[in-house]
Amino acid sequence: MNVNFARKATGLVRQAGAKDVFVYNVNFINIAIGVAFMFLFMPNGSYPGVNIYISTILCTIVVLPTSLVYAMFASAMPRSGGEYVYVSRATKPLFGFVASWNYTIWCFFYIGVPAAFLGKYGISALFRELGVSFGSTAMTNWGNWFSTPLGTALTGTVLIIIFAIVFIYGVSLYMRIQNVLFVIASIGLAITAVELLRHTPASSLAAFNHYAGTFTGKADTYKAITTNLGSNAVTPAPFDLKQTLIAMTWPFTVLGFSIASAYIGGEIKGANRSQMIGMPGSLIYSSIWLLLVSFVTLHAFGFSFLGNLGAVTPGNVNLGFTPTFSELAASLTHHIWLVLIIGVSFALWTYAWLPIYILTCTRNLLAWALDGLAPAKIAEVNERTHSPLTAIVVSAVLGIGFLWLYAYDSTFSTISGFFGQVCGTFFITSIGAIVFPYTQKDMFEGSPVAWRVAGVPVLSILGVLSACGMALIAWAFLHDPQSGISFSQPFMIYVNLGVFVSGFIYFYATKLIQARQGVDIDLAFAEIPPE
Amino acid sequence: MSAPYKLFYASDIHGSEKCFLKFINAGKFYKANALVLGGDICGKMVVPLIDRGGRWEARFLGRDFVAQTPAECAEIEKNIRMNGFYPVILSPEEHAHFHENEAARTEMIDRVVLAAMKRWIGIAEERLRGTGIRCFMNAGNDDDGYIDEALRQSDVVENHDGGVTDLTDEVQMAVCGYSNTTPFDSPREMAEPQLEAHIETILAKLKSPRDAVFTLHVPPYNTGIDAAPMLENGKVVTRGGHTVMNPVGSTAVRNVIERYQPMVALHGHIHESRGTKQIGRTLCINPGSEYSEGVLRGVLVTFKGTKLVGHQLVQA
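Top line first, the protein sequences correspond to chains A and B.
Start counting the first sequence at 520; every next residue gets the next number (our numbering).
Start counting the second sequence at 113; every next residue gets the next number (our numbering).
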């Protein structure tokens, strides 16, 4: 056996491993909100012939190459910063910055969106569940209030401020809190699934009518729903591949983001194994959970019921707001503790993106500031709390701004921001993966992922597959009647384009300003020839 | 009126020949007056190429490498050096001997590291002689004592560890490669009181500490540029997938910076804490390190007279 000989030196320690990467990414993927979206939007007749299982499986297959691209990049360059590092080195710093800028701007937006989810889907449902359990109309009305734009925005604002304060007092405090909450949320989801599994559509329908009747005032709420829908009521249609592909946008909202650990890559040594297992592993694990929870939800309520519930305008039948799968599960039981566990655990899932997006934003802001692409003040670390105070405050303020925009402007109450992340960031990173083995030959060859198939770098092959996959997802977004972005309603296309192009403008403007102060930004990235 | 003086500072290249060659070339590339390599120059691992009679085998970066010709062997040696390791050709018997005998192994590692250092000094002399670019290199806590002597023998590379040197008529540089104690018992460590006394001895040689550049390998305590992973029983502490960071800089270094308020303080030691920190009038800089990927992280510091006029973190 060929053994190498180590000197006595510092730094030979173990750090965050595959398990940690896995937990971090699963946390970010957000299984429960994924299932909630899938059943709120997929069966409601917008995709006739859709098969939820096949759509989820196809989405997993389509995004797997992107997950592997990020994992291999993280192995080759175990640095924090994600595509800012990868694309900068694979292509040019300009493109790395633009990819990072694009992702970060949408990250600011998605600090606000999950904050809105807490009120809109989490607390609103919890209050209504408790209102029904205790026979309290006031609590049910409070639930309705939390789902209004004002309730959503105010709840979200408080949540963002709480998380900003937590982060100001250190990431460590967040980690302690999040570990506990993640366990509660996961156990709650499992209990929710078991509760759903115990019922059939017949028993579920009776339980739902009993539950909903207390606030709709109707003896048979479901019949009122189908009557209200009339000829638009959902009926099962033969399988349609195109519609199933288009509907991938919904599982994509969660499965497309198994890459969160790329942004903390510098903390993960032995990155090869950790990232290669942690990123695709979390994707496949979450995908299986989506399929399992989808199965039990369909088992309990059936496709038509869920479709009609999603299709009806809630106000038309005194529903207030559309129940998610979690609230439907809570409607199946009279045990108050079970209702509490289901309701609270789902509420904990609703905002899971928020803290990780704050972390991603602050880290990206720090990286830009150190490279002279953002004011130096942003990179300052507070001595008392050891946290980047300014970066956290900037992220929180922008997140709150986007939260109110999301709550009050229906144009932004869609998933169209994901389109920008797909096209402006993941696609560019895929291109970076294709060229990296050739533009950074030494770095690639010296990396633990210098694998080849028939002489072609595996990273390049995955880059091609990832680019194709992202192109397919982009196509799905543009053809999805519920994504909020299409050629027939091009406003959000312009917004996405504007965010992307503004990255170029910002880069060159900053370069000009710095040049006037005698700083050549290009020097920050220029590689010195070693020979 | 004096002309601007530009200094390029990097640290912690840990044996990466690619980073070293970039460092030597940085003077011309950035049009710098001086190059400063602030410690932790030596690598951490010797990689044997086992000679099996015209066939050489090595294993590094988690992969097996086999050379069938001397040219291929030389290519693998170069690859090993570029990645921060030291190649050594051994017979299977020699390899087994060093594997089993710690004393012989240590002696062999020291010999290989010293030879590599002398080779680097030779490259520096060849590329920098006559250019007018001054080159300062000092050991850090990870570098053994024999490195100092090798550095002092050069007429191009200057080693002022434990002392001071004139950069210009008005600005001097004080150099200390020692760190506070670490969990790793590395070659150059001191307890905080001893470290503070040692630095004080060095600073006493300065004409004007306020106008000086401090090159102190370890960063000041609790400044954000000294955040390293928290360790428990040799294992990094993680929560929720995140590494828990804590300040590990030196209180001694912080004390002397607060006391003397130099123009700028240059540090290294903590690779993952790239950044800057203002302590009073002193700008403290840790450019970080990415030696393992062959990326040279550094900082360009420009001063005019005794006034700091700019700095820029770079990754070459």
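Glycine included, C-beta positions come from ideal geometry on N, C-alpha and C.
Please classify residue i as buried or exposed, where buried requires at least 16 neighbouring CB atoms within 10 angstroms.
i: residue 319(B); result: exposed
i: residue 1051(A); result: Residue coverage of chain A in this structure runs from 520 to 1050, which leaves residue 1051(A) outside it and unanswerable.
i: residue 533(A); result: Its pLDDT being 42, under 50, residue 533(A) is placed unreliably by the model, and the measurement read from it follows with that caveat. Flag for residue 533(A) reads exposed.
i: residue 120(B); result: buried
i: residue 738(A); result: exposed
i: residue 167(B); result: exposed
i: residue 777(A); result: buried
i: residue 1031(A); result: exposed
i: residue 853(A); result: exposed
i: residue 760(A); result: exposed
i: residue 531(A); result: Bear in mind that the predicted position of residue 531(A) carries a pLDDT of just 44, short of 50, making it unreliable; the figure below should be weighed with that in mind. So residue 531(A) counts as exposed.
i: residue 1009(A); result: exposed
i: residue 522(A); result: exposed
i: residue 1051(A); result: A query on residue 1051(A) cannot be resolved here, the shown segment of chain A reaching from 520 to 1050 and no further.
i: residue 569(A); result: buried
i: residue 179(B); result: buried
i: residue 273(B); result: buried
i: residue 390(B); result: exposed
i: residue 974(A); result: exposed
i: residue 775(A); result: buried
i: residue 256(B); result: buried
i: residue 754(A); result: exposed
i: residue 592(A); result: buried
i: residue 951(A); result: buried
i: residue 979(A); result: buried
i: residue 750(A); result: exposed
i: residue 736(A); result: exposed
i: residue 225(B); result: buried
i: residue 992(A); result: buried
Taking residue i and residue j to be in contact with their CB atoms under 8 Å, please state how far apart those CB atoms are, rounded to whole angstroms.
i: residue 936(A); j: residue 617(A); result: Residue 936(A) to residue 617(A), Cβ: 17 Å. No contact.
i: residue 117(B); j: residue 137(B); result: Not quite, the Cβ-Cβ distance comes to about 20 Å (not below 8 Å), so this is no contact.
i: residue 1011(A); j: residue 941(A); result: So it is not a contact: roughly 13 Å between Cβ atoms.
i: residue 958(A); j: residue 595(A); result: Not quite, the Cβ-Cβ distance comes to about 12 Å (not below 8 Å), so this is no contact.
i: residue 574(A); j: residue 763(A); result: 5 Å
i: residue 555(A); j: residue 850(A); result: Going by Cβ atoms, the distance from residue 555(A) to residue 850(A) rounds to 15 Å, so no, they are not a contact pair.
i: residue 329(B); j: residue 150(B); result: 6 Å
i: residue 699(A); j: residue 552(A); result: About 19 Å; that fails the 8 Å criterion.
i: residue 584(A); j: residue 985(A); result: 4 Å
Q. Whole alpha helix (DSSP H) runs in the stretch 595 to 671 of chain A with 4 or more residues, listed along the chain?
A. 602 to 609, 612 to 636, 643 to 653, 656 to 665
Q.
Quick test of the definition: if touching needs 3 or more C-beta pairs under 8 Å, does the stretch 647 to 659 of chain A touch the stretch 852 to 864 of chain A?
A. yes
Q) At a Cβ cut of 7 Å, what residues of the stretch 688 to 700 of chain A count as close to chain B, listed as they run along the chain? A) 690, 691, 694, 695, 697, 698
(Q) For the structure I just gave you, are there three or more beta carbon pairs, one from the stretch 360 to 376 of chain B and one from the stretch 277 to 297 of chain B, closer than 8 Å? (A) yes
**Q.** Proximal residues, the stretch 180 to 203 of chain B versus chain A, C-beta separation under 8 Å
**A.** 191, 194, 195, 197
Q: Name, going along the chain, the residues of the stretch 665 to 691 of chain A whose beta-carbon falls closer than 7 Å to a beta-carbon of chain B.
A: 690, 691
Q: Using a Cβ-Cβ cut-off of less than 7 Å, list which residues of the stretch 336 to 356 of chain B approach chain A; keep chain order.
A: 336, 339, 341, 343, 346, 347, 348, 350, 351, 352, 353, 354, 355, 356
Q.
I want to know whether the stretch 873 to 892 of chain A touches the stretch 629 to 642 of chain A - three or more CB-CB distances under 8 Å.
A. yes
Q) Listed from N- to C-terminal order along the chain, which residues in the stretch 988 to 1013 of chain A have their beta-carbon within a distance smaller than 7 Å of any beta-carbon of chain B? A) none
Q.
Taking contact to mean 3 or more Cβ pairs, one atom from each stretch, closer than 8 Å, check whether the stretch 824 to 841 of chain A and the stretch 737 to 751 of chain A are in contact.
A. yes
Q: Taking only runs that begin and end inside the stretch 298 to 374 of chain B, name each unbroken alpha helix (DSSP H) of 4 or more residues, in chain order.
A: 304 to 315, 363 to 372
Q.
Please identify, using Cβ separations under 7 Å, the residues of the stretch 939 to 966 of chain A that lie next to chain B, in order along the chain.
A. 961, 962, 965
Q: Give a yes or no on contact between the stretch 681 to 690 of chain A and the stretch 900 to 910 of chain A, applying the rule of three or more CB pairs nearer than 8 Å.
A: yes
Q.
Extract the residue ranges of the alpha helix (DSSP H) inside the stretch 944 to 1029 of chain A, only unbroken runs of 4 or more that lie entirely within it.
A. 946 to 958, 960 to 964, 977 to 998
Q: Could you name the residues of the stretch 902 to 916 of chain A whose beta carbon sits closer than 7 Å to any beta carbon of chain B, in the order they occur along the chain?
A: 902, 905
Q. Closer than 7 Å, Cβ to any Cβ of chain B: which residues of the stretch 593 to 620 of chain A, in chain order?
A. 596, 598
Q | Interface residues of the stretch 872 to 885 of chain A facing chain B [CB-CB below 7 Å] | A | none
**Q.** Residues in the stretch 833 to 864 of chain A having any Cβ partner in chain B nearer than 8 Å
**A.** none
Q: Check distances from the C-beta atoms of the stretch 255 to 278 of chain B to those of chain A and list, in chain order, the residues that come in under 7 Å.
A: none
(Q) Restricting to runs no shorter than 4 residues, where is the alpha helix (DSSP H) found entirely within the stretch 801 to 866 of chain A? (A) 822 to 830, 844 to 849
Q: Please confirm if the stretch 234 to 247 of chain B is in contact with the stretch 190 to 207 of chain B, defined as three or more CB-CB distances below 8 Å between the two stretches.
A: no
Q.
Measuring CB atoms only, is the stretch 907 to 919 of chain A touching the stretch 408 to 415 of chain B, in the sense that at least three cross pairs come out at less than 8 Å?
A. no
Q) Residue ranges of each alpha helix (DSSP H) run of no fewer than 4 residues wholly in the stretch 762 to 786 of chain A, ordered along the chain? A) 768 to 774
**Q.** contact_flag[the stretch 156 to 165 of chain B, the stretch 204 to 223 of chain B] where n(CB pairs < 8 Å) is 3 or more
**A.** yes
Q. According to a CB-to-CB cut-off of less than 9 Å, which residues of the stretch 757 to 768 of chain A neighbour chain B?
A. none
Q. The stretch 631 to 659 of chain A: which residues have C-beta closer than 7 Å to a C-beta of chain B, in chain order?
A. none
Q: For the stretch 267 to 299 of chain B, list the beta strand (DSSP E) runs that are entirely contained and at least 3 residues long, ordered along the chain.
A: 276 to 278, 284 to 288
Q) Curious, which full-length beta strand (DSSP E) runs of at least 3 residues does the stretch 159 to 230 of chain B contain? A) 168 to 172, 175 to 179, 197 to 202
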